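Undergrad: Residue numbers (UniProt numbering), protein chains in the order written: chain A, 1 to 301; chain B, 1 to 402; chain C, 1 to 289; chain D, 1 to 246. Every residue, glycine too, gets a C-beta built ideally from N, C-alpha and C. Nothing here was measured: the structure is a model prediction, and the numbers come from that model. Sharing a structure below in structure tokens format, with a few things to ask.
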Amino acid sequence: MVILAVSWNFMASTGLISLGHSAFWGLGSYTSMLLVNSWSISFGTSVFAAILAGAAAGALLAVATGRLRGIYFAVATIAYTEALRVAAMMLPDITGGSTGVYLNQSARLSQEFLYSAAIVGAVASVTLVYLLMKTRLRYAMRAMLNNESAAQMLGVNPLLYRTFVSAVAGGVAALAGVLNTWYTGYLSPEIAFSLHQSVLAQIATIIGGVHTQVGPIIGAFVILGLSEITRISLTEFEGTSQLIYGLVLVSFILFLPGGIFGAMRNRWLSWAIGAKIRPLPTLKAQSSVIVSAKRERPPAS
Amino acid sequence: MKVKLRACIAGALALSTAAGAANAADTIQIGAPLELSGRFVAFGAAGKRGAEMALETFKGEVNGKKVEFLFRDIQSDPQAAVASINELTEQTKVKYIFGPIASVMFAAVIPAWRQQKPVWIGHGSVTTRTEEEVGGERRFFHTYPYAYHYHQTMSAGLKSIIGSGKKIVIVYSDDAYGRTSLPFARQFYKEAGFEIAGEELVRQGAADYNPILTKIRRLRPEALVTLVQTSDLVTLAKQIKIAGINIPYLVDGLDVLLEEWQKAAGDAQEGWIGLSGYIHGMERPASKDRPDIFPSLSDWEKRFRDKYQVEPTYLDAGAYSAASLLLMALEKAGDDPDKVVEELEKLNTETLVGPGRFTKTSTGGTVHQAFESLMIAQRQNGKSIILYPPEVKTGEIKARTE
Amino acid sequence: MILQLLIDSALLGGLYALLALGLVLSFGVTNILNFAHGEAIMLGAYGAFWAFTLWGIDPLLSIPIMLVVGFGAGFVCFRYVIERSLDAPHLNQILLTFGIGLILQNAAVLAWTGDLRSANPSYSMAAINLAEVFIPVGRLLTFTVAAALAAILYMWLTRTEYGRASRAIAQNERAAKLMGIDTRFVYSLVFAISIAVAAATGAALSSITTITPFIGFHLLVKAFAIMVLGGAGSISGAVLGGVLLGLLETTVAYYVPEGSGWAEGVAFVALFLFLLIRPQGLIGTRVHG
Amino acid sequence: MTSSPLFQIEHLNAGYGESIVLSDVSLDVQQGEIVSLLGPNGAGKTTTMMAITGLLSAYGGTIRLDGHPITDKPAHKRVDLGVALSPEGRQVFPELNVEENLLLGSFASKARASRPRNLTRIYDLFPRLAERKKQLAGLMSGGEQQMLAIGRALMSEPRLLLLDEPSLGLSPLITELVYDTIPVIAAEGISILLVEQNTEAALAVSNRAYVLSHGRIVAAGKAEDLRDSAVLRDAFFGGALSGAAQ
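Printed below as a string of structure tokens:
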């Protein structure tokens, strides 16, 4: 989850809103599962293969959607995922179809090993993104978030960067998928390509704080905690758990649009400077970006 | 990753709630991961009603020991279902599991169940993937017919009612139910001597079946066998009616005998043939050895209606019966999973939905199978007329004419 | 066969166009992609279903009622909730409306359980048979409703003061403000109309498909596809996109083995390819007729 | 001195976020007067326009029309009260036709009643527009779009017309064509506040002018007095640069 949210946020940092993250997630999951079942390769190799598949899918998406921005890109990613889901449903000979596919019992690993692998994976993906953001890439991405054509003038090749960013995000999301698959040992098109995963990653990021490094991590913990609490304690009436979940989500967005991390940073800042600053720095920095991004549409005919 | 986090959080939570609620020592806890929201909420809700009511029959205890169902909302999401099983078995350490119901959820939790293997009353899942994966497990008790039970009974029944040699077309959906059913439907109908003139795939949730119906019309089948979800059968039945295709016999599984399907399908339900272990409005006498638990069907239905203000369904009656079987075994064995397994194996009582006795399935895939006996009925003038087996027959089959 | 194919495509296309109409309007003007649009359709369907079941009101008669109720609900919802996120990033808007959808969906479960419903007025089972082809009456009526609503919206956008103002806002919000247009009011108005159309769509659907609290999302994804195909913000684009998608799916279902299963996938692949060639859609991206 | 002016700004402060663009700007426009606001790129001219129209809310100061403060009124209310802007870069609605653009100009309820009369008036003022009624605005030339933007602003029957850089991107010939109409409009009793970088053209039609530099008014006076003033040159080229530029 942390991995997925980090991956999503990384992509969003360039203004690419993905609603199809489960495409990478699912593709990674299927790649590792099917390879293991057919050729009994090792866990490590399967992770490697899945990351490659995810990265390839990410790159393909970026190249294919070259000209799309904002909402159009988001809708294209939905289409990408749906097409993959239908393919997985309709090719039962390969994927097991809607009845799903189980990981070979012999290939299963201990829970402890997977826990450690997950932690290593999470740390590695956070570090990778952190390091990448330290490089020149960061400025290119900032520039693209604000204005792609301006970025182009600065000598940034948007397509190249987009492809790179999507590939990294795709690989990281695939990693998350693999870990989850090894953990649950079962996969079906519904699980692999559900929009729920993509949205969950977003919710985590938003709740934690978008475009920040720490945000997705905080968000992932909060969202899972919340979902667990509602699922376990609200079983009296059918539907309540998700109802409450929705309510919390809506109030978060309305009252804490900068996320928990944003709010914390603001509070800390205002405390540090003596509560004198009127405009909230993080929110503002963000909203000015948004104003410029909001009204954009693809070139009209 | 996600699941792991979930498990940690859930563990912490479960500890805090469980500590106050009950000492594991004097309470028997039964984990009940059910679809209490999301797409399959109707399944989960029925499962929960059944379990609750069974517990009420036992006054909340067996042999003076308190029993409780730990309900978990798996939100019709396989990931959440896995997380729930993990939380229940790894953290809360329940020894018994009741649920989930939908095939997809069921399939997803199998690997997670394998970690600890609590005694599992599996009241749900018609797909044979389940049978292949866990059917042979000694701690797994399946209390719901598999898809092939439907086709086995239906093909045999139809053969005895309308005779074999008829031309049929099979419509199956691309979901788990359709996909796993198809080979069995093919096999059993062939064995019963029917000619399969065509097989058509439909998409789950589709709005338009006209292209399929146009193809079927040209095949001129004498019977149409559908392997689709209930909601799709509403749309499909309506469109068949609208298209005015002259097919004498329309055949489906359980859906036809569900009250919600009947209401939704309206006039389009006329003539449909389905099957179930429980047909609304039928009578079944009280169990001889345990009338306290399994009274006559009408008495039980009255109790159910008084409690929930809704009409019971096959799932309600089945879940009640399945949960009761578990409680009966607990009554005899005490809180020891191995003994409970032995007692479950020994059970032999009449229930609301047929004989409560665990036997091997005909395929041999599942060692503990109950409630696989089904009755065939046809919707005639808004009523279910039982056609098969002959001993419970209440009327004759009618061919549709358009 | 070909004729039947064309009729089936047109009827399905009409249904699809209806799904997308409201969405296109609200996205075109407010630039908010409403993820709760499917739930609005779902509630409209329930509204019509209950009106039919409890009071015997024909689902067709429910359409105007649903238009009014939907309008009111949409207006209030926009004014008190969604408006707050007007200047927020797309992302927040998506999640906000997604959250609203989740709330509505589960509120519907609480209110009416997850049981399947479908209204069955007398004509819903009727069909017109002409030689080799047949036309289901219920769907023909839906098609008519789609055509009528599309025409009304078109007229509204091109011939009325506020319709023109909506198009102006879609093209240049700041300049629209300079014209003395209360943009926030027009946003609420447009959003309310889009929800009204959604509710009416639900009412039209109530007799031809199965209603559950969960139908919304599937419908929404379809509507997205149509919107992008037609060009977000264009009423005629929505109609064209709907009919095109209907034709594509029906053709695949007719001629490809296991076609019904592939139809949707083919549609999404087509959409994806189409986006690459013509990201602005068939008609273009700004709101016009 | 004289009776209170039609339009008046007192001590206006405005900006974006934390950056203050305008500080302590004061100016006034009398009934029927043409006043220019001159200054180089980045001086804050457009920001002033935004603050007057209400697209940007002021941090401090007062904006008065007819002596009544309008500082807290929302943008759409100000149009109704009689302030209309022909914005920088025209900002016509590209996918609406000329007539629809003009009709939108009179969206404000007060002006809607006299719509036919105003349309005729504007077609008289800009015959080009009359010829292209059904043309999509986005497909017209820059000069035509500028005429449309001015015409559109006039449709609301403003008492104060704000013109932001009407010569931007136009050839001298077309600029002249556009500028020719400014005195005609003023002659109808409409006050005009004209923002320009093209000081030459602006001063030629103005009665008075203000010079804005780094968000402050650095000079004010009659148009002819300012034409060759050092203050104006300084404002445009900056103190140090003015020497180097010589």
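Can you give me the C-alpha to C-alpha distance between G124/B and A102/B, rounded to a whole angstrom?
TA: Residue 124/B sits at position 124 when you count from the first residue of the second sequence. Residue 102/B sits at position 102 when you count from the first residue of the second sequence. Rounded to whole angstroms, G124/B to A102/B spans 6 angstroms at the Cα level.
Undergrad: To the nearest whole angstrom, what separates the beta carbons of I162/B and V94/B, a pair I think is in contact under 8 angstroms?
TA: Taking the second sequence and counting its residues from 1, one reaches residue 162/B at position 162. Taking the second sequence and counting its residues from 1, one reaches residue 94/B at position 94. Not really, about 48 angstroms apart at Cβ, beyond 8 angstroms.
Undergrad: With the cut-off set at 7 angstroms, would you say I253/A and L95/C are in Cβ contact?
TA: Here residue 253/A refers to the residue found at position 253 when the first sequence is read from its first residue. Here residue 95/C refers to the residue found at position 95 when the third sequence is read from its first residue. Their beta carbons are under 7 angstroms apart, which means I253/A touches L95/C by this criterion.
Undergrad: Any beta-carbon of chain B closer than 7 angstroms to the one on M33/A?
TA: Here residue 33/A refers to the residue found at position 33 when the first sequence is read from its first residue. No, its Cβ sits nowhere closer than 7 angstroms to a Cβ of chain B.
Undergrad: To be precise: take each residue of the segment 171-205 of chain B, compare its Cβ to all Cβ atoms of chain A, and keep it if any distance is under 9 angstroms. Which residues remain?
TA: Of all residues in the segment 171-205 of chain B, S173, D174, D175, A176, Y177, G178, R179, T180, L201, R203, Q204 have a Cβ within less than 9 angstroms of some Cβ in chain A.
Undergrad: Shorter than 7 angstroms from the beta carbon of T214/B to some beta carbon of chain C?
TA: For this step, residue 214/B is matched to residue 214 along the second sequence. It does: the Cβ of T214/B has a partner Cβ on chain C nearer than 7 angstroms.
Undergrad: Taking the CB atoms as reference points, tell me whether L27/A and G58/A lie closer together than 7 angstroms.
TA: Taking the first residue of the first sequence as 1, we reach residue 27/A at position 27. Taking the first residue of the first sequence as 1, we reach residue 58/A at position 58. No; because the gap between Cβ atoms is not below 7 angstroms, this pair is not in contact.
Undergrad: In chain A, what lies closer than 7 angstroms to V104/B by C-beta?
TA: Along the second sequence, read from residue 1 onward, the residue named residue 104/B stands at position 104. Within 7 angstroms Cβ-Cβ: S188, E190.
Undergrad: Starting from the beta carbon of L234/A, find every residue of chain B whose beta carbon is closer than 8 angstroms, and list them in chain order.
TA: For the purposes of this step, residue 234/A is taken as the residue at position 234 of the first sequence. D73, listed in chain order.
Undergrad: Kindly confirm or deny that the segment 15-22 of chain D and the segment 179-194 of chain D touch, where touching means at least three C-beta pairs closer than 8 angstroms.
TA: Counting Cβ pairs under 8 angstroms, fewer than three are found: no touch.
Undergrad: Classify E87/B: buried if its beta carbon has 16 or more other beta carbons within 10 angstroms, exposed otherwise.
TA: Looking up residue 87/B in the second sequence gives position 87. So E87/B ends up on the buried side.
Undergrad: If distances are taken between C-alpha atoms only, which option among D180/D, P158/D, H68/D, S213/D comes closest to P166/D?
TA: For the purposes of this step, residue 166/D is taken as residue 166 along the fourth sequence, with counting starting at 1. That would be D180/D, whose Cα lies nearest to the Cα of P166/D.
Undergrad: What did DSSP end up calling Q91/B once you bin it into helix, strand or coil?
TA: Your numbering for residue 91/B matches position 91 in the second sequence. Helix at Q91/B.
Undergrad: Quick one: what's got a C-beta closer than 7 angstroms to Y80/A's C-beta in the same chain, skipping five residues either side?
TA: Locating residue 80/A in the first sequence gives position 80, counting from the first residue. Counting only Cβ-Cβ distances below 7 angstroms, and skipping sequence neighbours, we find G20, A23, L61.
Undergrad: Measure the beta-carbon distance from A370/B to R357/B and round it to whole angstroms, keeping in mind my assumption that it falls under 8 angstroms.
TA: Position 370 of the second sequence, counting from 1, holds the residue named residue 370/B. Position 357 of the second sequence, counting from 1, holds the residue named residue 357/B. Yes, A370/B and R357/B are in contact; Cβ-Cβ is about 6 angstroms, under 8 angstroms.
Undergrad: DSSP three-state label for N37/A, please.
TA: Translated into positions along the first sequence, residue 37/A becomes position 37. N37/A falls in the helix class under three-state DSSP.
Undergrad: Using a beta-carbon distance below 7 angstroms, is Q171/C in contact with chain D?
TA: Your numbering for residue 171/C matches position 171 in the third sequence. Yes, Q171/C lies at the interface with chain D (some Cβ there is under 7 angstroms from its Cβ).
Undergrad: Locate the beta strand (DSSP E) running through H142/B, then write down its first and last residues.
TA: In the second sequence, the residue the question calls residue 142/B occupies position 142. Note, H142/B: beta strand (DSSP E), 140-142.
Undergrad: Would you list the one or two residues that DSSP bridges to V29/D?
TA: The residue you call residue 29/D lines up with position 29 of the fourth sequence. V29/D is bridged to F7/D.
Undergrad: Going by alpha carbons, who is nearest to L34/B out of G364/B, V67/B, I85/B, T351/B?
TA: On the second sequence, position 34 is the one that residue 34/B refers to. Cα-wise, what sits closest to L34/B is I85/B.
Undergrad: Got a sec, what are the start and stop residues for the beta strand (DSSP E) K65/B sits in?
TA: Numbered from 1 along the second sequence, position 65 holds the residue referred to as residue 65/B. Element bounds for K65/B: 65-73.
Undergrad: Does Q202/A get closer than 7 angstroms to chain B when you measure Cβ to Cβ?
TA: Counted from its first residue, the first sequence places residue 202/A at position 202. Chain B, which has no Cβ nearer than 7 angstroms to the Cβ of Q202/A, makes this no.
Undergrad: Can you give the beta carbon distance from A207/B to A237/B, rounded, assuming they're within the 8 angstroms contact cut?
TA: Your numbering for residue 207/B matches position 207 in the second sequence. Your numbering for residue 237/B matches position 237 in the second sequence. Not a contact, Cβ separation roughly 14 angstroms.
Undergrad: Measuring alpha carbon to alpha carbon, tell me which of S296/B, G281/B, M282/B ends up nearest K288/B.
TA: The count along the second sequence starts at 1 and reaches residue 288/B at position 288. Nearest C-alpha to K288/B: S296/B.
Undergrad: Please classify G163/C as buried or exposed, where buried requires at least 16 other C-beta atoms within 10 Å of its C-beta.
TA: Taking the third sequence and counting its residues from 1, one reaches residue 163/C at position 163. Flag for G163/C reads buried.
Undergrad: Starting from M105/B, trace the alpha helix (DSSP H) both ways and give me its first and last residue.
TA: Counting from 1 along the second sequence, the entry for residue 105/B is found at position 105. It spans 103-116 - the alpha helix (DSSP H) in which M105/B sits, taken as one unbroken run.
Undergrad: Just curious, the beta strand (DSSP E) that T27/B is in, first and last residue?
TA: Start at 1 with the first residue of the second sequence, and residue 27/B comes out as number 27. Counting along the chain, the beta strand (DSSP E) containing T27/B begins and ends at 27-34.
Undergrad: If you run the structure through DSSP and keep just helix, strand and coil, what is T57/B?
TA: Looking up residue 57/B in the second sequence gives position 57. T57/B falls in the helix class under three-state DSSP.
Undergrad: Beta carbons nearer than 7 angstroms to chain A: which residues of the segment 18-42 of chain C have them?
TA: Flagged, chain order: N31, L33.
Undergrad: Which of the three DSSP states is assigned to P355/B in this structure?
TA: To locate residue 355/B, count along the second sequence from 1; it is residue 355. DSSP places P355/B in strand when its eight states are reduced to three.
Undergrad: Could you tell me whether any Cβ in chain A is nearer than 7 angstroms to the Cβ of I97/B?
TA: Looking up residue 97/B in the second sequence gives position 97. Judged by the 7 angstroms Cβ criterion, I97/B is not in contact with chain A.
Undergrad: Identify the contact partners of R83/C in chain D, using a Cβ-Cβ distance below 9 angstroms as the criterion.
TA: As a position in the third sequence, residue 83/C is number 83, starting the count at 1. Per the sequence shown, the amino acid found at residue 83/C is Glu instead of Arg. Result: empty, since nearest Cβ-Cβ is about 14 angstroms, beyond 9 angstroms.
Undergrad: Using only the alpha-carbon positions, how far apart do L68/A and L91/A sit?
TA: Taking the first sequence and counting its residues from 1, the one referred to as residue 68/A is at position 68. Taking the first sequence and counting its residues from 1, the one referred to as residue 91/A is at position 91. Going from the Cα of L68/A to the Cα of L91/A covers about 30 angstroms.
Undergrad: Given that a residue counts as buried once 16 or more other Cβ atoms are within 10 Å of its Cβ, and exposed if not, what is L54/C?
TA: Here residue 54/C corresponds to residue number 54 of the third sequence, with the count starting at 1. Exposed, since its Cβ has fewer than 16 Cβ neighbours within 10 Å.
Undergrad: May I have the straight-line CA-CA distance separating A169/A from F106/B, to the nearest angstrom?
TA: As a working note, residue 169/A is residue 169 in the first sequence. As a working note, residue 106/B is residue 106 in the second sequence. When rounded, the distance between both Cα atoms is 32 angstroms.
Undergrad: Please say whether V250/A and G99/C have beta carbons closer to each other than 7 angstroms?
TA: Stepping through the third sequence from its first residue, residue 99/C is reached at position 99. Stepping through the first sequence from its first residue, residue 250/A is reached at position 250. Closer than 7 angstroms, so yes.
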